[in-house]
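Student: To start, I am sharing the structure in question, which I have written as C-alpha cells.
Residue numbers (this note's numbering), protein chains in the order written: chain P, 40 to 137; chain R, 4 to 557.
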C-alpha cells in the first residue's frame with residue numbers, strides 16, 4: 040500500500056552561497072523555513088518540485104522535505120532538516136549567526 | 004621538502020584557469036549542475052549541508068610555515084577564520100562561496116598546494132606516517148615514495164574514472180602510524196638484504212564493509228614499485244565492479260576474486276607495465292629524495308633537563324605529547340587540536356600562524372598533519388621545547404592529551420556533511436569535556452576513541468579501541484559502540500557491543516566502559532586494548548548494558 044502523503048516544503052542550496060533555501064508560494068527562494076510554502080497534496084508537490092528544478096541557475100539539488108504546520112509557519116520534521124534551518128552545533132555559524 | 008618545479012607551477016596555473024572558466028560557465032547558466040558537479044569534485048569542491056566545502060590536499064601531511072600561513076590567510080579572507088584538518092591529512096574550508104573558489108585555488112597554487120583529486124573516483128591524496136623523516140625507529144622516509152605516487156597519479160589519464168575512489172597510504176616504520184591496513188593500497192617500507200622496498204597490502208578499507216588489507220607482495224624493490232602499483236590499479240580498473248557503488252572498492256574486488264587470483268592478474272600485468280617504464284621515474288625519485296634530505300640537526304639540549312625537572316606541567320606536556328626523534332637532542336612534538344570541548348581537528352587562523360612561526364623559528368620549517376587530526380613539529384630541538392610550550396600555551400595549543408581519551412578522531416558528521424546520518428562533533432566535545440571534569444584520562448592511559456557520523460567511517464570508528472557510529476534510527480540519532488579495534492601494524496576491526504545509545508546516553512556509556520576497564524585491569528601498565536584482548540567483551544558489555552545483565556541473570 041502506498042504510504043499516505045505528508046506535507047512537504049521544497050528546499051535546496053543556493054548556487055552562489057551554497058546555503059539552505061526554501062521555495063515560497065510565490066515561487067521565490069527564502070532563507071527562512073517559516074516562509075516556505077507548505078504543500079499539502081502530492082500532485083502539487085510534484086509540480087512545485089518541477090518548478091524548482093527549472094530554477095537550476097539559482098539553486099542546486101532541490102528536493103521535497105517533510106514539514107508540519109507551526110504557529111509561525113512550516114516547521115521541519117526530521118532532525119537533519121532542523122539542523123539545516125540553524126547551522127552546525129559547534130559554532131554559531133550559518134543561519135543561527137543572525 | 005619537495006620543491007615545485009616550473010612544470011608543476013604551470014600545470015597548477017593552467018588547471019586553475021580551466022576551473023575558473025568552468026565556475027563562470029556554471030554561474031552564467033552555460034553548464035547545468037549535472038555537468039558541473041564532476042568538474043567541481045575533481046577540484047575538491049563539495050556542496051554540504053549549509054554551504055560549499057573546499058577540501059585541500061596536504062600531500063602526505065607535510066607542509067612548511069609559509070604554506071601554513073597561506074592556509075590561515077585563506078581562512079581569514081574567504082572563510083570564517085578557521086580550517087578543519089581531516090583524517091586523510093587534508094584541510095577543509097566549510098564556508099567558501101562559489102565565486103571565490105578559483106581565487107582560493109590560485110592562492111593555494113602560490114605556495115605549491117592544490118585540491119586536485121581530493122574527491123572523485125580517482126587516486127586520492129596519498130597519506131603517510133606523520134612522523135616521517137623524524138621517528139627514531141624508522142626504516143625509510145615514506146615521503147619521497149608518496150610524492151612520486153602523487154606526481155604519477157595526478158591527472159593520470161588511465162585512472163581518472165576508476166570504479167570508485169582509491170586511497171594509498173605509506174609508512175616507513177614497523178609501528179605503522181599511517182593505518183596502511185585500512186587503505187586500498189598500503190605500502191610498508193622495509194629493508195631486505197640492504198635494499199629498501201615495500202610490503203604491498205591491498206584491499207583494506209573501512210566504510211560499510213570493513214576489511215583489513217591483505218599482503219599482495221611481501222617485497223617490491225623501490226625501482227619496481229611504480230610499475231607494480233600501476234599494474235594493481237590497472238587490474239582493478241578493469242575488474243572492479245561498476246554495477247554497484249557499494250561493491251566497487253578494491254576490497255570487494257579482492258574479496259570476490261581472492262587474493263591469489265588478484266596476484267596472478269597483477270603479476271601478468273606487471274610484465275607489460277615494467278617494460279614501459281624506462282627509468283625516468285627513478286631519475287625523478289632521486290631528485291625527490293634529495294628534496295627530502297634531513298635538515299642539519301644541531302647538537303645540544305641546552306637547559307631542557309632543568310625545565311623538565313622543575314616544572315610538573317611542562318613535564319606532563321613533554322611526557323604526553325612528544326615522541327623519540329632520530330637525533331638524541333630532538334623531539335617530535337605533537338600539538339593537540341583537541342583542547343577539551345573544542346572541535347577535533349579545527350584550528351583558527353591565529354593558531355595556524357603560531358604554528359607556522361614556531362616551525363620557522365625552532366623546527367627547521369617543517370609541520371605535519373596527522374590522520375589523528377593533530378599538528379606535528381617533527382624536528383624540534385629539546386633546547387627549544389620550553390619556549391615552544393610557552394608559545395603554545397598562549398595560543399590554546401598546549402593540551403597534554405595525545406593518545407589519551409580526549410584525543411578523539413571525529414568526522415564532521417551531520418554538523419556539516421551531507422552524507423552523515425548523525426552528529427559526531429558534539430559527541431566528541433562532550434566526551435572530552437567529561438574526561439576533563441573527571442581528571443581521569445592520565446590515569447586511564449592510552450585510549451583511542453573514534454567517532455563516525457555515518458557508515459562511511461571517515462572517523463575510523465572500526466579501528467578505535469572504542470568506536471562510535473552515529474546512525475539515524477527512525478528519525479532519531481542513535482550511536483552504536485564497537486570495541487577492541489586497532490589501527491596499528493596488527494590492525495583489527497572492532498566488534499559491535501550491542502544495541503545503540505541515544506544521543507544523551509552515549510557519554511555516560513563511554514564513562515561506564517572506561518570505569519569498567521579501570522576496575523578490571525591488571526595494573527596500570529595494562530592498556531584498555533590489552534585488557535579487552537585478555538578478558539574479551541563480556542565485562543565491557545556488562546558495563547554498557549547493566550539492566551539487561553540483571554534481566555539475563557534473573
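The beta carbon of each residue, even a glycine, is placed where N, CA and C say it ideally should be. Bear in mind that the values here come from a model prediction, so they are computed numbers and not experimental data.
Select from the stretch 51-63 of chain P all residues with a C-beta closer than 8 Å to any C-beta belonging to chain R, and list them in chain order.
Tutor: Within the stretch 51-63 of chain P, the residues whose Cβ lies closer than 8 Å to some Cβ of chain R are 52, 54, 55, 56, 57, 58 and 59, listed in chain order.
Student: Following the continuous alpha helix (DSSP H) through residue 51 of chain R, name the residue where it begins and the one where it ends.
Tutor: Neither: residue 51 of chain R is in no alpha helix (DSSP H) and is coded neither H nor E.
Student: Can you tell me which residues form a DSSP beta bridge with residue 88 of chain R?
Tutor: Answer is R/94.
Student: Excluding the 5 residues flanking residue 359 of chain R on each side, which residues of the same chain have their C-beta closer than 6 Å to its C-beta?
Tutor: These residues qualify, in order along the chain: 68, 71 and 72.
Student: For chain A, is any of its Cβ atoms less than 9 Å away from the one on residue 109 of chain P?
Tutor: The structure shown contains no chain A; its protein chains are P and R.
Student: Residues of the stretch 81-113 of chain P in Cβ contact with chain R at a cutoff of 8 Å, in chain order, please.
Tutor: Within the stretch 81-113 of chain P, the qualifying residues are 95, 96, 99 and 100.
Student: At a CB-CB cut-off below 9 Å, which residues of chain P make contact with residue 32 of chain R?
Tutor: Within 9 Å Cβ-Cβ: 95 and 96.
Student: Would you call the CB atoms of residue 46 of chain R and residue 108 of chain R closer than 9 Å?
Tutor: Result yes, Cβ atoms of residue 46 of chain R and residue 108 of chain R sit closer than 9 Å.
Student: Using only the alpha-carbon positions, how far apart do residue 66 of chain P and residue 130 of chain P sit?
Tutor: Going by the C-alpha atoms only, they are around 32 Å apart.
Student: Whose C-alpha, out of R/131, R/535 and R/288, is nearest the C-alpha of residue 154 of chain R?
Tutor: Ranking the options by Cα distance to residue 154 of chain R, first place goes to R/288.
Student: Report the neighbours of residue 100 of chain R on chain P: residues whose CB is nearer than 9 Å to its CB, in chain order.
Tutor: Per Cβ cutoff of 9 Å: 55, 56 and 57.
Student: Check whether the Cβ atoms of residue 470 of chain R and residue 452 of chain R sit closer than 9 Å, and answer yes or no.
Tutor: Their beta carbons are under 9 Å apart, which means residue 470 of chain R touches residue 452 of chain R by this criterion.
Student: Quick one: using the 10 Å Cβ neighbour count with 16 as the cut-off for buried, is residue 107 of chain P buried or exposed?
Tutor: Label assigned to residue 107 of chain P: exposed.
Student: Quick one: which unbroken alpha helix (DSSP H) runs of 4-plus residues sit fully inside the stretch 314-397 of chain R? Chain order, please.
Tutor: Whole alpha helix (DSSP H) segments, 4+ residues: 315-324, 352-365 and 388-397.
Student: Measuring only between beta-carbons, confirm whether residue 48 of chain P sits less than 9 Å from chain R.
Tutor: Chain R, which has no Cβ nearer than 9 Å to the Cβ of residue 48 of chain P, makes this no.
Student: Output, in chain order, the set of chain R residues within a Cβ distance shorter than 7 Å of residue 66 of chain P.
Tutor: Result: empty, since nearest Cβ-Cβ is about 18 Å, beyond 7 Å.
Student: Distance, Cα to Cα, residue 557 of chain R vs residue 540 of chain R?
Tutor: Low confidence applies here, because residue 557 of chain R scores a pLDDT of 42, under 50, leaving its location unreliable; read the following figure in that light. In a straight line, the C-alpha of residue 557 of chain R is about 21 Å away from that of residue 540 of chain R.
Student: Anything in the stretch 403-436 of chain R with a Cβ closer than 8 Å to a Cβ of chain P? List those residues in chain order, please.
Tutor: Those residues of the stretch 403-436 of chain R that come within reach of chain P (Cβ to Cβ, closer than 8 Å) are 417, 418, 419, 426, 428, 429 and 432.
Student: Quick test of the definition: if touching needs 3 or more C-beta pairs under 8 Å, does the stretch 117-129 of chain P touch the stretch 77-87 of chain P?
Tutor: Too few Cβ pairs lie closer than 8 Å, so no.
Student: Mind listing the chain R neighbours of residue 117 of chain P? Cutoff is C-beta to C-beta under 9 Å, in chain order.
Tutor: Within chain R, the residues near residue 117 of chain P are 475 and 478.
Student: I want to see whether chain R comes within less than 9 Å of residue 137 of chain P, judged by CB atoms only; does it?
Tutor: Judged by the 9 Å Cβ criterion, residue 137 of chain P is not in contact with chain R.
Student: On the criterion of 16 or more Cβ atoms from any shown chain inside 10 Å, does residue 485 of chain R qualify as buried, or is it exposed?
Tutor: By the neighbour-count rule (16 or more Cβ atoms within 10 Å), residue 485 of chain R is buried.
Student: Within this structure, are the beta carbons of residue 71 of chain P and residue 133 of chain P separated by less than 9 Å?
Tutor: No, the Cβ-Cβ distance between residue 71 of chain P and residue 133 of chain P is not below 9 Å.
Student: So that I know if they touch, is there some Cβ in chain R lying closer than 9 Å to that of residue 44 of chain P?
Tutor: It does not; no Cβ of chain R falls within 9 Å.
Student: Excluding five sequence neighbours on each side, which residues of the same chain lie with their C-beta closer than 7 Å to the C-beta of residue 435 of chain R?
Tutor: Once the five neighbours on either side are set aside, the close Cβ partners of residue 435 of chain R are 341, 343, 344, 409 and 411.
Student: Leaving out the 5 sequence neighbours to the left and right, which residues in its chain are closer than 6 Å to residue 54 of chain R when beta-carbon positions are compared?
Tutor: These residues qualify, in order along the chain: 98.
Student: Out of P/51, P/95 and P/111, which has the shortest C-alpha to C-alpha gap to residue 36 of chain R?
Tutor: Of P/51, P/95 and P/111, the residue nearest in Cα terms is P/95.
Student: Starting from the Cα of residue 134 of chain R, find the closest Cα among R/203, R/64, R/126 and R/103 and give me that residue.
Tutor: Nearest of R/203, R/64, R/126 and R/103 to residue 134 of chain R, Cα basis: R/64.
Student: Are the beta-carbon atoms of residue 338 of chain R and residue 380 of chain R separated by less than 9 Å?
Tutor: Their beta carbons are under 9 Å apart, which means residue 338 of chain R touches residue 380 of chain R by this criterion.
Student: At the 9 Å Cβ level, is residue 132 of chain P part of the contact set with chain R, yes or no?
Tutor: Output row for residue 132 of chain P: interface = yes.
Student: Looking at the structure shown, is residue 156 of chain R part of a helix, part of a strand, or coil, going by DSSP?
Tutor: If DSSP states are grouped into helix, strand and coil, residue 156 of chain R belongs with the helices.
Student: According to DSSP, is residue 289 of chain R part of a helix, a strand, or is it coil?
Tutor: Helix.
Student: In terms of alpha-carbon separation, which member of R/111, R/16, R/190 and R/548 lies closest to residue 130 of chain R?
Tutor: Of the listed residues, the one whose Cα sits closest to residue 130 of chain R is R/190.
Student: If the cut-off is 7 Å on Cβ atoms, which residues from the stretch 52-84 of chain R count as contacting chain P, listed in chain order?
Tutor: Result list: 52, 53, 54, 55 and 83.
Student: Grouping DSSP H, G and I as helix and E and B as strand, with all else coil, what is residue 86 of chain P?
Tutor: Residue state, collapsed to three classes: helix.
Student: Here's the rule I'm using: 16 or more other beta-carbon atoms within 10 Å means buried, otherwise exposed. How should residue 526 of chain R be labelled?
Tutor: Answer is exposed; the Cβ neighbour count stays below 16.
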